[in-house]
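*Asks:*
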Amino acid sequence: MISLARCGEEDAGKVEELERLIFKPSEQYTMSFIAWLCRSCSRFSFIAYDDGRPVGYIISCVDAPGQGHVVAVGLLREYRGRGLGRQLMCASMCSLSNVERLVLEVRVSNEVAQSLYRSLGFHVADQLKSYYSDGEDAYYMVMEDEARRRALKACGCGEEGGLEGLGKGKDGGKEGSRVGSKEGRSWWRRGAREERGGEDEWEGEGDEGEGGVGRNI
Ligand SMILES: CC(C)(COP(=O)(O)OP(=O)(O)OC[C@H]1O[C@@H](n2cnc3c(N)ncnc32)[C@H](O)[C@@H]1OP(=O)(O)O)[C@@H](O)C(=O)NCCC(=O)NCCS
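When we follow this note's numbering, the leftmost residue of the sequence shown carries the number 12, and every step to the right adds one.
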């Protein structure tokens, strides 16, 4: 049976393993960055389990006043196309129901993910040139105002049986930290390790292992 639970600091290893299974080596976040995300963004991040086995995850954060940022989402291949991606997005959106807008980046070639985001109410606000370490552009997608209200309703946020109270996890749903943004969205760039390393609020060790950088969501 599929269940979602909040992702905390102690779950960083599970997220790292999922990243390894879902994304190419050049597209994976470093373990230290994952640990930092899991620690700092626990309230807005979830792992999907199938009978206790981690099969997908979503990490989101508040990265600027009134702004939620979906940093990473992914599912093992055999769990895709069954509505679980939408469920993870809903969990993230419900946890971020107090922000004014949600933003994310997606590869221009990733039509499946774009289709999911559009169906939820995101629109393309910008195209970011060579955003990824392999040179591919990203679409910067935003959801706000009426589209966001509609999406929260469609997700059942805050309703009985909705997603609002799920998976409080070990932190009991405590306040997550707001994480810093360096000139806005570029802070999240996968492949921008120097930016992350230079970020005041980045506390990770910036490990230098092969393939530690290279993608955003
Ligand atoms: C992107 C991802 C998270 C979507 O999750 P998913 O569980 O497969 O998607 P869902 O089953 O919830 O489908 C939601 C919507 O996505 C779109 N979608 C899903 N599979 C699709 C496919 N094969 N082709 C086109 N659109 C598709 C549809 O719009 C669908 O809505 P619908 O069911 O009403 O038609 C998942 O495919 C994944 O993990 N991909 C690899 C990692 C990745 O690309 N992450 C995102 C980086 S930006």
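The beta-carbon is built from N, C-alpha and C at its ideal position, and this holds for glycine as well. Note that this is a predicted model, so its numbers are computed, not measured.
Measuring alpha carbon to alpha carbon, tell me which of Glu-21, Leu-127 and Ile-13 ends up nearest Arg-50.
*Replies:* The residue with the shortest Cα to Cα distance from Arg-50 is Glu-21.
*Asks:* For Lys-179, name the three-state secondary structure that DSSP assigns.
*Replies:* In this prediction, Lys-179 scores a pLDDT of 40, lower than 50, which makes its location untrustworthy; no coordinate-derived value is stated.
*Asks:* Under a three-way DSSP split, which group does Tyr-68 fall into?
*Replies:* Tyr-68: strand per DSSP, three-state reduction.
*Asks:* In whole angstroms, what is the alpha-carbon distance linking Ser-192 and Asp-74?
*Replies:* Legend: pLDDT at Ser-192 = 37, less than 50; position of this residue unreliable, value from coordinates given subsequently. So the alpha carbons of these two residues sit roughly 5 angstroms apart.
*Asks:* When burial is assigned at 16 or more other CB atoms within 10 Å of the CB, is Arg-17 buried or exposed?
*Replies:* It is buried - the Cβ of Arg-17 has at least 16 other Cβ atoms within 10 Å.
*Asks:* Between Val-26 and Ile-45, is the Cβ-Cβ spacing less than 9 angstroms?
*Replies:* Cβ atoms of Val-26 and Ile-45: closer than 9 angstroms.
*Asks:* Does the stretch 93 to 107 touch the stretch 33 to 48, meaning 3 or more C-beta pairs lie closer than 8 angstroms?
*Replies:* As far as the Cβ criterion goes, the stretch 33 to 48 does not touch the stretch 93 to 107, which means the pair count is below three.
*Asks:* CB of Glu-27 to nearest heavy atom of ligand 1: below 8 angstroms?
*Replies:* Flag unset: Cβ of Glu-27 not near ligand 1.
*Asks:* Can you tell me where the alpha helix (DSSP H) with Tyr-151 in it begins and where it stops?
*Replies:* No alpha helix (DSSP H) contains Tyr-151, which is instead part of the beta strand (DSSP E) from 149 to 155.
*Asks:* Nearer than 8 angstroms: is that true of the beta carbon of Glu-155 relative to any heavy atom of ligand 1?
*Replies:* Flag unset: Cβ of Glu-155 not near ligand 1.
*Asks:* When we look at the beta-carbon of Val-82 and count the other beta-carbons within 10 Å, is it buried (16 or more) or exposed?
*Replies:* Buried, because 16 or more other Cβ atoms sit within 10 Å of the Cβ of Val-82.
*Asks:* How far does the beta strand (DSSP E) with Val-81 in it extend, from its first residue to its last?
*Replies:* Unbroken beta strand (DSSP E) run through Val-81: 78 to 86.
*Asks:* What I want to know is whether the C-beta of Gln-78 ends up closer than 8 angstroms to one or more non-hydrogen atoms of ligand 1.
*Replies:* No; taking the cut-off as 8 angstroms, the Cβ of Gln-78 has no heavy atom of ligand 1 nearer than that.
*Asks:* Around the Cβ of His-134, are there at least 16 other Cβ atoms within 10 angstroms (buried) or fewer (exposed)?
*Replies:* His-134 is exposed by the Cβ-count criterion.
*Asks:* With DSSP collapsed to three states, give me the class of Arg-93.
*Replies:* If DSSP states are grouped into helix, strand and coil, Arg-93 belongs with coil.
*Asks:* Give a yes or no on whether the C-beta atoms belonging to Arg-112 and Gln-138 are separated by under 9 angstroms.
*Replies:* Against a cut-off of 9 angstroms, the Cβ pair of Gln-138 and Arg-112 comes out as no contact.
*Asks:* Is the beta carbon of Ala-102 less than 9 angstroms from the beta carbon of Phe-57?
*Replies:* In this structure, Phe-57 lies closer than 9 angstroms to Ala-102 by Cβ.
*Asks:* Report whether the distance from the Cβ of Gln-98 to the nearest heavy atom of ligand 1 is below 8 angstroms.
*Replies:* Yes, since a heavy atom of ligand 1 falls inside the 8 angstroms radius drawn around the Cβ of Gln-98.
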